[in-house]
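Here the sequence shown is numbered in this note's numbering, starting from 6 and rising by one per residue.
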Amino acid sequence: MHVDLRSDTVTRPTHGMRRAMADAEVGDDVFGDDPEVNRLQQAFAERCGFEASLWFPSGTQSNLAALMSHCQRGDEYVVGQDAHTYRYEGGGAAVLGSIQPQPLPNLPDGTLDLAAIAAAIKPDDPHFAITRLLALENTIGGRVLPAEYVQAALALARDHGLATHLDGARLFNAAIAQGRPIAALCAGFDSVSVCLSKGLGAPAGSLLLGSRELLGRARRARKMLGGGLRQVGILAAAGRYALAHHVDRLADDHARAARLAAGLSELGYTVTSAATNMVFIDAPDGFADYLLARGVAVVPGSRLRLVTHLDVDDSGIAYVLECAARFSSRII
Ligand SMILES: *Cc1c(COP(=O)(O)O)cnc(C)c1O
């Protein structure tokens, strides 16, 4: 048995998705000629309540293009210390965008303290970088940002004249968990980036949502960053297939993650967080290696992140719990 819990990025395209990719009608997307890309971008913008959307090869590039579209050289963006854009994207905003991050600690629920955000916004003074943007992330570490919190943070940003960007790599997980339409979770942000390549199961692709004017700048940044692709309808077709077939089923991933968390907890493991499709546990010594040796792929560490997705079924969860039970009866 092989169960890969490292990430929801490991999903492979299903048979139906591969068929949609093979049949995709394509053109040169740098000329704006790819019908499949255009259909995806238009449908997604409508679904999320934005004027337009733009396809990117990765979420990292989509986030970076968004930051570069909001901020000029020497501007600053306020962001969580644990946020993907700050922590896991090679420092791209600073390196390639000349944008200074102002990181703030994420509270245990993943939010940023509103008073801390307000205090981090710099007055207009030549000593300081110009604070231009607030970036939030939803879900963050699998946790869904509370709707009231998002509204309060957006209001704070508006009051201070900041633009807002949402890294919504897993925003569909948040929408399914809250039982709200995705447009409701996007409302109020100037830009939102959503991954097709995580729980939705496409092999590649993210969409950046925003106004036509903002996305015009993002398109320029995408070209500069090497992300202008040609017959990319083959990948956009996978994205359209994912949006049609793989959104509602995220609830299954969440149910399996909850079952995994409950089972591990019953066996005496310390579950530190379990939300949407992610379970975090304090791993006893040797547990990660024990799992790896039995075909359960995890990223080794003292705090294990276990992620459910399209390619993990009920029997996979049962197998992982069986391994965990064997391990705990031997050692704990
Ligand atoms: C995965 C992810 C991204 C983008 O990742 P890519 O691998 O570049 O597509 C951005 N933000 C978050 C929160 C992510 O989980």
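Quick reminder that beta carbons are idealized off the backbone N, C-alpha and C, glycines included.
By Cβ distance below 8 angstroms, which residues in the same chain neighbour residue i in space, the five residues on each side in sequence not counted?
| i | result |
| --- | --- |
| F285 | G146, G147, V276, T277, S278, A279, R308, L309, R310 and L311 |
| D28 | A242 |
| G37 | N43 |
| A226 | L69, A70, M73 and S74 |
| V149 | N143, N178, A179, A182, Q183, A280 and T281 |
Given a threshold of 16 other Cβ atoms within 10 Å of its Cβ, counted over all protein chains shown, does residue i qualify as buried or as exposed?
| i | result |
| --- | --- |
| V83 | buried |
| L10 | buried |
| G221 | exposed |
| S198 | buried |
| P305 | exposed |
| F133 | exposed |
| Q77 | exposed |
| V155 | buried |
| D130 | exposed |
| A157 | exposed |
| S103 | exposed |
| E56 | exposed |
| Y93 | exposed |
| E271 | exposed |
| S216 | exposed |
| P142 | Checking the sequence shown, residue 142 turns out to be Glu, not Pro. Result: buried. |
| R163 | exposed |
| R331 | exposed |
| L234 | buried |
What whole-angstrom Cβ distance do residue i and residue j have, given they're in contact under 8 angstroms?
| i | j | result |
| --- | --- | --- |
| A25 | A263 | With a Cβ gap of about 31 angstroms, A25 and A263 do not count as contacting. |
| A71 | L176 | With 8 angstroms as the limit, A71 and L176 do not qualify as a contact, their Cβ atoms being about 14 angstroms apart. |
| G210 | L240 | 5 angstroms |
| L205 | H251 | 5 angstroms |
| R17 | A188 | Not a contact, Cβ separation roughly 29 angstroms. |
| I135 | G96 | That pair is no contact at about 20 angstroms. |
| L138 | H170 | 6 angstroms |
| S58 | F49 | 5 angstroms |
| T90 | A168 | About 14 angstroms; that fails the 8 angstroms criterion. |
| D319 | R261 | 7 angstroms |
Going by beta-carbon coordinates alone, are residue i and residue j separated by less than 9 angstroms?
| i | j | result |
| --- | --- | --- |
| G166 | L117 | no |
| L109 | A98 | no |
| G232 | Q105 | no |
| L45 | L248 | yes |
| D290 | I181 | no |
| L219 | H75 | yes |
| Y246 | M22 | yes |
With a threshold of 7 angstroms on Cβ separation, who are the neighbours of residue i within its own chain once the five nearest residues in sequence on each side are excluded?
| i | result |
| --- | --- |
| Y324 | M6 and V8 |
| T14 | S202 and K203 |
| L296 | V303 and C328 |
| P40 | E30, G32 and G238 |
To which residues of the same chain is residue i closer than 6 angstroms at the C-beta, ignoring the five residues directly before and after it?
| i | result |
| --- | --- |
| G321 | V8 |
| T144 | R175, N178, A179 and T281 |
| G268 | L326 |
| A121 | L109 |
Next on the checklist: To test your reading of the DSSP string, which unbroken beta strand (DSSP E) runs of 3 or more residues are found completely within the region 220 to 262?
Outcome noted: none
Checklist entry - What beta strand (DSSP E) runs, 3 residues minimum, are completely inside the region 182 to 218? => result 196 to 200 and 211 to 215
Item to check | Length at least 3, wholly inside the region 23 to 95: the beta strand (DSSP E) runs in chain order | outcome: As far as the region 23 to 95 is concerned, its whole beta strand (DSSP E) runs of at least 3 residues are 57 to 61 and 80 to 85.
Checklist entry - Could you give the uninterrupted runs of the beta strand (DSSP E) lying entirely in the region 128 to 163, keeping only those of 3 residues or more? => result 135 to 142
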